[in-house]
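Asks: Take a look at this one; I'll ask things after.
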């Protein structure tokens, strides 16, 4: 790991012979093509078309296909439900964007609390660990049900009754527990010599965290952070159990009215369309950071 | 002793998990003196240096800088570390910051310098060591040698009383070692008090005022470089030096 | 290039993901003729006898309904060994229970020995593929849009929608639809109750749509909603049993053409048999008697207009 660079293999990559950037998933899939040239590309295209064509053929000619097509891919129902779903999906977006902002902040606080060393910080560490254990254990839907129906039932002044409010609170509580662990893994993955270098300069523990550890930790855990964000996006649909009509609930309404499952396919497509660009964006961020990270792995 | 030593170590003991690594170190370093510490891997060189700036807590003994006991209770550790610069073998620079930011972070956040002052000092140091054109680069664009030089500059930006260098060339490719050694030579010529742990025997012979041979947690032998390298007294010192010669590194 | 491949892959996988290889049951829907003469069965029993193969399990009528089985549609309480909560359908009590028992008898089967009940969730009642039941009934309304996915029987109950609330809410004393416009209302999902809100009442606040009526009740008691729209008999049950200080505010018109029907797999020959049974029951007054017995005190509510 520590050592000179392999001569000539990675031009322009000074500072160590560690592995090349692996952040860009797309280029890994297509990398063999670049090596093979035009012939390789032709083979790849033919192979892809043949394999997926065979799958499609097998499906479309199966005896159950007409029934499936009508139940899941009905064009009329699709377009009708798509417009209705997209009209309500903005509510999901609001919920998960607001929740995510607070999650990223609260989770970082929890992770730092858990990482504090020194005996005086013991109660904070215990609190952070207990919080994480509790909210990872209880199913998200239960937390939403308990808060969404339980809190208003207390009939206390000033306690909001809004479904959206309690759904966001529940999602923040639950997801902060998961993301805190992701942050913690990131923090622990920063090489101890980074901390030593910062402390050696005379930086306090707090400033070391703030300027040296956390920025590196966050960059390291972008893929799992995105994973949890994608989970949060999907869980935004759980607000429906409180009676609130968002994307999924709207799909259910149309589905029940038409006895058809196509609305769910429409909703699935909406989710796919927003998630894929997010994944590519994070891939790009990671690839950019990978280049810099090599430095911390070598001299 | 007429003057206070820049660095004084008295009866330093250090254990890890019950295993004693430093078994009573006594060392005095005068101002402007360069002391090279040699010894086999595991002899405790790194541990010794890390104890000096309190990155490792000591189990017994005292460390004094300019006469101030830094191992005493209630000492402001951060303030002490600002006076002792240390450069490690690897993982030095902060990869998410540019070179200039790496160098100015300490002065701004630990010393409280203004951004302008910190910038000016950093620029001057980078220029002095031929790194001015790298100031806005991220460390990943620098060679290993350049990174270590920046690491030394970063430590210098804190205006330390003492510099500790922990095998700073051991992880470098041979062709990059020289540029770093030259920087250290320049520092020594400029009168910086330094304690250098190193494998580079030729270099040590050149710049050290004193060489200490660390063996199994104690300073087995110390003296002027000519004496240590040409006619070591202790048998273990001789064996160690012989193994270095056999490895072709001297 | 990458995008083309991605689209190919995603598109094919989407289509492939739902592959099922099931022939629909019931074949072409023609009835097999019995040995003796007429090709159109005269009675429900004849029809059933002529179509024994169409039953999921010949010699038994398999009926699906929701679990828990709620009053007043199912009554009699639970029995040990039955997987149904609240009420055991095999007791043949409650409106739907009694109707089922009577239909089975008309088909020439003895109740409850030759009738099996299976819990069927709402979505399962119209999901494509092999069915676990001969027909399902759980207050499912006929709707033309639903006709493609299942075959419906004729009506076994003409239904009116109603508003149920609790004393002290803003709608508890309402007599007109106009008075409901400012209210926050709720309805269970998958029912025409929601249509009543969106099409007839058209309140300024969006309705809440619940997966589960118990949650609607909780919101009502919390004051988060002012009233719930459900079918009239269910409204009475909720007001009497589930809602604290519950009150049936009123019903929405007595002339609605909404009706409950049994849902069958498409092309099932049993639809005709059951329709014959229902026709017999209507003609000789049995259906009215069942309604009298189980829903008599659950139909009198002021009309909101």
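Protein chains in written order, with this note's numbering: chain L, -4 to 294; chain R, 3 to 252; chain S, 150 to 454. Glycine included, C-beta positions come from ideal geometry on N, C-alpha and C. Every value quoted in this text rests on a predicted model; they were computed, and no experiment measured them.
1) Which whole-angstrom value describes the C-beta separation of residue 268 of chain S and residue 215 of chain S, a residue pair presumed to lie in contact below a C-beta threshold of 8 Å?
2) Tell me which same chain residues have a C-beta within less than 8 Å of the C-beta of residue 220 of chain S, skipping the five on either side of it?
3) Using a C-beta cutoff of 8 Å, does residue 258 of chain L count as contacting chain S?
4) Short check: CB of residue 271 of chain S to CB of residue 238 of chain S, under 8 Å?
5) Residue 135 of chain R versus chain B: which residues are under 9 Å apart at the beta carbon?
6) Does the Cβ of residue 295 of chain S have 16 or more other Cβ atoms within 10 Å, making it buried, or fewer, making it exposed?
7) Going by alpha carbons, who is nearest to residue 453 of chain S out of S:306, S:196, S:225, S:323?
8) Alpha carbon to alpha carbon, what distance is there between residue 192 of chain R and residue 132 of chain R?
9) Which of helix, strand or coil does DSSP assign to residue 358 of chain S?
10) Among all the DSSP beta bridges, which residues are the ones paired with residue 87 of chain R?
11) According to DSSP, is residue 28 of chain R part of a helix, a strand, or is it coil?
12) Does the beta carbon of residue 273 of chain L sit closer than 8 Å to a beta carbon anywhere in chain S?
13) Please report the distance separating the alpha-carbon of residue 99 of chain L from that of residue 141 of chain L.
14) Write down the C-beta distance between residue 91 of chain R and residue 168 of chain R rounded to the nearest angstrom, noting that I regard them as a contact closer than 8 Å.
15) Looking at the C-beta of residue 255 of chain L, does it have a partner C-beta in chain S at a distance below 8 Å?
16) What residues in the stretch 184 to 202 of chain L bring their beta carbon closer than 8 Å to a beta carbon of chain R?
17) Do residue 136 of chain L and residue 262 of chain L come within 8 Å of each other at the CB atom, strictly closer than that value?
18) Quick check on DSSP: helix, strand or coil for residue 377 of chain S?
19) Please confirm whether residue 214 of chain L has its beta-carbon closer than 8 Å to some beta-carbon of chain R.
20) Take the Cβ of residue 208 of chain S as the centre, count every other Cβ of all protein chains shown within 10 Å, and call the residue buried at 16 or more, exposed below.
21) Please list the terminal residues of the continuous alpha helix (DSSP H) segment that includes residue 43 of chain R.
22) Nearest-angstrom Cα distance between residue 52 of chain L and residue 279 of chain L?
23) Buried or exposed, going by whether 16 or more other CB atoms sit within 10 Å of the CB of residue 191 of chain L?
24) For residue 250 of chain S, I'd like the list of residues in its chain whose CB is within less than 6 Å of its CB, leaving aside the five on either flank, ordered along the chain.
25) With distances taken between CB atoms, is the gap from residue 256 of chain L to residue 116 of chain L smaller than 8 Å?
26) My output table needs one value for residue 273 of chain S: the three-state DSSP class, helix, strand or coil.
27) Relative to the C-alpha of residue 110 of chain R, which candidate in R:156, R:231, R:140 has its C-alpha closest?
28) Please list the residues of the stretch 363 to 382 of chain S that have a C-beta atom closer than 8 Å to any C-beta atom in chain L, keeping them in chain order.
29) Below 7 Å on C-beta distance, what does residue 111 of chain R contact in chain L?
30) Going by other Cβ atoms of all chains shown within 10 Å of its Cβ, with 16 needed for buried, is residue 401 of chain S buried or exposed?
31) Using only alpha-carbon positions, find the residue among R:88, R:53, R:87 that is nearest to residue 71 of chain R.
32) Measure the beta-carbon distance from residue 213 of chain S to residue 285 of chain S and round it to whole angstroms, keeping in mind my assumption that it falls under 8 Å.
33) Which same chain residues, not among the five before or five after residue 94 of chain R, have their C-beta less than 6 Å away from its C-beta?
34) Determine the extent of the alpha helix (DSSP H) in which residue 424 of chain S is found, giving its start and end residues.
35) Taking the beta carbon of residue 204 of chain R as the centre, do at least 16 other beta carbons fall within 10 Å, making it buried, or is it exposed?
36) Give me the chain S residues within the contact set of residue 244 of chain L, using Cβ-Cβ distance strictly less than 9 Å, ordered along the chain.
Replies: Well, looking at it:
1) Translated into the one-based positions of the third chain, residue 268 of chain S becomes position 119. Translated into the one-based positions of the third chain, residue 215 of chain S becomes position 66. Between residue 215 of chain S and residue 268 of chain S the Cβ distance is about 7 Å, and since that is below 8 Å, they are a contact.
2) The residue you call residue 220 of chain S lines up with position 71 of the third chain. The answer, listed in chain order, is 235, 236, 243, 386, 390.
3) Counted from its first residue, the first chain places residue 258 of chain L at position 263. The C-beta of residue 258 of chain L comes no closer than 8 Å to any C-beta of chain S.
4) Within the third chain, the letter at position 122 stands for residue 271 of chain S. Within the third chain, the letter at position 89 stands for residue 238 of chain S. Their beta carbons are not under 8 Å apart, which means residue 271 of chain S does not touch residue 238 of chain S by this criterion.
5) The displayed structure is made up of protein chains L, R and S, and chain B is not among them.
6) As a working mapping, residue 295 of chain S is identified with position 146 in the third chain. Residue environment for residue 295 of chain S: buried (at least 16 other C-beta atoms within 10 angstroms of its C-beta).
7) The residue you call residue 453 of chain S lines up with position 304 of the third chain. Considering only alpha carbons, the answer is S:323.
8) By 1-based counting over the second chain, the position of residue 132 of chain R is 130. By 1-based counting over the second chain, the position of residue 192 of chain R is 190. Distance between the alpha carbons of residue 132 of chain R and residue 192 of chain R is about 16 Å.
9) Here residue 358 of chain S is taken as the residue at index 209 of the third chain, counted from 1. In this structure, residue 358 of chain S counts as strand in the three-state DSSP scheme.
10) By 1-based counting over the second chain, the position of residue 87 of chain R is 85. For residue 87 of chain R, which the question treats as bridged, DSSP gives the partners R:165.
11) Locating residue 28 of chain R in the second chain gives position 26, where the first residue counts as 1. Residue 28 of chain R: strand per DSSP, three-state reduction.
12) Within the first chain, numbered from 1, the residue matching residue 273 of chain L stands at position 278. So no, residue 273 of chain L is outside the interface.
13) Within the first chain, the letter at position 104 stands for residue 99 of chain L. Within the first chain, the letter at position 146 stands for residue 141 of chain L. Looking at the two C-alpha atoms, the distance is approximately 23 Å.
14) Taking the second chain and counting its residues from 1, the one referred to as residue 91 of chain R is at position 89. Taking the second chain and counting its residues from 1, the one referred to as residue 168 of chain R is at position 166. Yes, they are in contact, since the Cβ atoms of residue 91 of chain R and residue 168 of chain R sit about 6 Å apart, within 8 Å.
15) Your numbering for residue 255 of chain L matches position 260 in the first chain. With 8 Å as the cut-off, residue 255 of chain L counts as an interface residue toward chain S.
16) 186, 188, 189, 191, 192, 193, 194, 195, 196, 197, 198, 199, 202
17) Residue numbering aside, residue 262 of chain L sits at position 267 when the first chain is read from its first letter. Residue numbering aside, residue 136 of chain L sits at position 141 when the first chain is read from its first letter. No, these two residues do not count as a Cβ contact at 8 Å.
18) Position 228 of the third chain, counted from the start, is the residue given in the question as residue 377 of chain S. Note: residue 377 of chain S maps to strand in three-state DSSP.
19) Walking along the first chain from the start, residue 214 of chain L turns up at place 219. True, the Cβ-Cβ gap to chain R drops below 8 Å.
20) As a working note, residue 208 of chain S is residue 59 in the third chain. Under this definition residue 208 of chain S is an exposed residue.
21) As a working note, residue 43 of chain R is residue 41 in the second chain. Taken as a continuous stretch (DSSP letters only), residue 43 of chain R belongs to no alpha helix (DSSP H), as it is neither H nor E.
22) Start at 1 with the first residue of the first chain, and residue 52 of chain L comes out as number 57. Start at 1 with the first residue of the first chain, and residue 279 of chain L comes out as number 284. Straight-line Cα distance between these residues: approximately 36 Å.
23) Within the first chain, numbered from 1, the residue matching residue 191 of chain L stands at position 196. It is buried - the Cβ of residue 191 of chain L has at least 16 other Cβ atoms within 10 Å.
24) Indexing the third chain from 1 puts residue 250 of chain S at position 101. Closer than 6 Å at Cβ, skipping near neighbours: 241, 260.
25) In the first chain, counting from the first residue as 1, residue 256 of chain L sits at position 261. In the first chain, counting from the first residue as 1, residue 116 of chain L sits at position 121. No, these two residues do not count as a Cβ contact at 8 Å.
26) The residue given as residue 273 of chain S occupies position 124 in the third chain. Residue state, collapsed to three classes: helix.
27) The count along the second chain starts at 1 and reaches residue 110 of chain R at position 108. For the residues R:156, R:231, R:140, the minimum Cα distance to residue 110 of chain R belongs to R:156.
28) 364, 365, 367, 368, 370, 371, 372, 373, 374
29) Along the second chain, one-based indexing puts residue 111 of chain R at 109. Chain L residues near residue 111 of chain R: 198, 202, 206.
30) Translated into positions along the third chain, residue 401 of chain S becomes position 252. Its Cβ being crowded by 16 or more others within 10 Å, residue 401 of chain S is buried.
31) By 1-based counting over the second chain, the position of residue 71 of chain R is 69. Residue R:53 is the option with its Cα nearest to residue 71 of chain R.
32) For this step, residue 213 of chain S is matched to residue 64 along the third chain. For this step, residue 285 of chain S is matched to residue 136 along the third chain. Confirmed, Cβ separation roughly 4 Å.
33) Taking the first residue of the second chain as 1, we reach residue 94 of chain R at position 92. Taken in chain order, the residues that qualify are 153.
34) Position 275 of the third chain, counting from 1, holds the residue named residue 424 of chain S. Run containing residue 424 of chain S: 419 to 432, per the alpha helix (DSSP H) assignment.
35) For the purposes of this step, residue 204 of chain R is identified with residue 202 of the second chain, where counting begins at 1. By the neighbour-count definition (other C-beta atoms within 10 Å, threshold 16), residue 204 of chain R is an exposed residue.
36) Within the first chain, residue 244 of chain L is the residue found at index 249, counting from 1. Residues of chain S passing the Cβ test: 338, 358, 360.
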